[in-house]
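In my numbering, the protein residues as written are 41 to 370.
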């Protein structure tokens, strides 16, 4: 009789895990993901075609992993530390065009985030949800001087990571933020469907893993839940060995604001948000009304004739960042 009762009580639990595993197994990554339209990537390629590569050094993180970092010390006196976080699938090279100009106003570093870049050990993956935040805290420890103001900036998913970091346990260490067309959340009103064709989320797999995580089961968090559609000319180009084409469940969650993304946004310090009017990934006009509903600490800038990927290379973007740095250093 006792055995029958235990079996009866176990049935809902067995059913729950069977449902979760069924969702996970019912969807797999595509071996070949068709590329999105090339326009945004061509614009970025044109903008960076004449830039000089910035020298790369190594930074050792708390678990012993070494990541590539581009570091240019400032020319001026008592500058802030500016940390630049790249977008999804890319690496710190994204900021090579900006670093020399910004080094006149700040100590600048642009890391290849864990799981990214030509030297990635576990491409598209982290060891646990939140590890990227710990990595940024480690970079602050390595590069910041005592009492130095720290400014965190990021493009696209890198901007989403900035928002996540500032709402987390390490956020108090940062003075202000610069958000370049930041990813807020898949269901935010700033989103175009699948980021304009850039991303392919494995929705059923993501739901199944979320169900398991709700019960503390994390053993499958290394599985892929998001793929990126790089155009063919990028996949066959000079950066092909450095591209990250898919993210695990734990990387995906580590690289964006939390579920209550508005609460994360509300925790931001002073910030500038910059977006291109022609952004094909996000809806430029949707950022200001959404974010102003929870915070009054931001300044919003829409750059005409700029899209998503070429936004960091706009002269207007550079001027806004310089102004932010000079304001923050006073």
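Just so it is clear, CB atoms sit at the ideal spot from N, CA and C, and this is done for glycine as well.
Rounded straight-line distance, which links the Cα of residue j to that of residue i
i, j, result
"residue 314", "residue 154", "25 Å"
"residue 194", "residue 128", "11 Å"
"residue 245", "residue 61", "8 Å"
"residue 93", "residue 133", "8 Å"
"residue 107", "residue 284", "15 Å"
"residue 365", "residue 220", "15 Å"
"residue 218", "residue 367", "12 Å"
"residue 259", "residue 130", "27 Å"
"residue 168", "residue 124", "22 Å"
"residue 276", "residue 72", "14 Å"
"residue 182", "residue 222", "26 Å"
"residue 86", "residue 280", "17 Å"
"residue 201", "residue 180", "15 Å"
"residue 341", "residue 54", "52 Å"
"residue 370", "residue 311", "Low local confidence applies: a pLDDT of 42 at residue 370 is under 50, so the model's placement there is unreliable, with the coordinate-based value given in what follows. Whole-angstrom Cα-Cα distance: 15 Å."
"residue 322", "residue 59", "33 Å"
Nearest neighbour of residue i, chosen from the options [CA to CA]
i, options, result
"residue 354", "267, 272, 252 and 135", "135"
"residue 215", "122, 140, 257 and 262", "122"
"residue 126", "141, 303 and 199", "199"
"residue 306", "254, 337 and 292", "337"
"residue 227", "187, 59, 144 and 326", "326"
"residue 164", "184, 263 and 145", "263"
"residue 339", "345, 347 and 363", "363"
"residue 142", "166, 115 and 78", "115"
"residue 319", "146, 230 and 278", "230"
"residue 78", "330, 348 and 359", "348"
"residue 160", "323, 332, 282 and 342", "282"
"residue 291", "166, 278, 323 and 302", "166"
"residue 185", "213, 209 and 341", "213"
Assigned exposure category for residue i - 16 Cβ within 10 Å defines buried
i, result
"residue 273", "exposed"
"residue 90", "exposed"
"residue 189", "buried"
"residue 197", "buried"
"residue 346", "buried"
"residue 109", "buried"
"residue 117", "exposed"
"residue 96", "buried"
"residue 162", "exposed"
"residue 243", "exposed"
"residue 70", "exposed"
"residue 203", "buried"
"residue 256", "exposed"
"residue 333", "exposed"
Where residue i sits in the DSSP three-state scheme
i, result
"residue 204", "helix"
"residue 280", "helix"
"residue 314", "strand"
"residue 133", "helix"
"residue 56", "helix"
"residue 81", "helix"
Min CB distance residue i to chain C below 8 Å
i, result
"residue 287", "Here chain C cannot be found, since the structure has a single protein chain."
Proximity test, residue i beta-carbon vs the ligand ADP heavy atom, cut-off 7 Å
i, result
"residue 182", "For the ligand ADP, the structure offers nothing, since it holds no ligand at all."
Query - Inter-stretch contact at 8 Å, needing at least 3 Cβ pairs: the region 258-274 / the region 173-191 - result: Result no; under three Cβ-Cβ pairs closer than 8 Å.
Query raised in the report: Should the region 254-269 be regarded as contacting the region 225-240, the criterion being three or more beta carbon pairs within less than 8 Å?
Result: Yes, the region 254-269 is in contact with the region 225-240.
Query raised in the report: Taking three-plus beta-carbon pairs below 8 Å as touching, is the region 287-304 in contact with the region 99-108?
Result: With the cut-off at 8 Å, the region 287-304 and the region 99-108 do not touch.
Requested in this report: For the region 346-363 and the region 137-149, state whether three or more C-beta atom pairs, one from each stretch, are separated by less than 8 Å.
Outcome: Cβ pair count under 8 Å is three or more, so yes.
Query raised in the report: With a cut-off of 8 Å, do at least 3 Cβ pairs link the region 148-165 to the region 78-90?
Result: Segments in contact, no.
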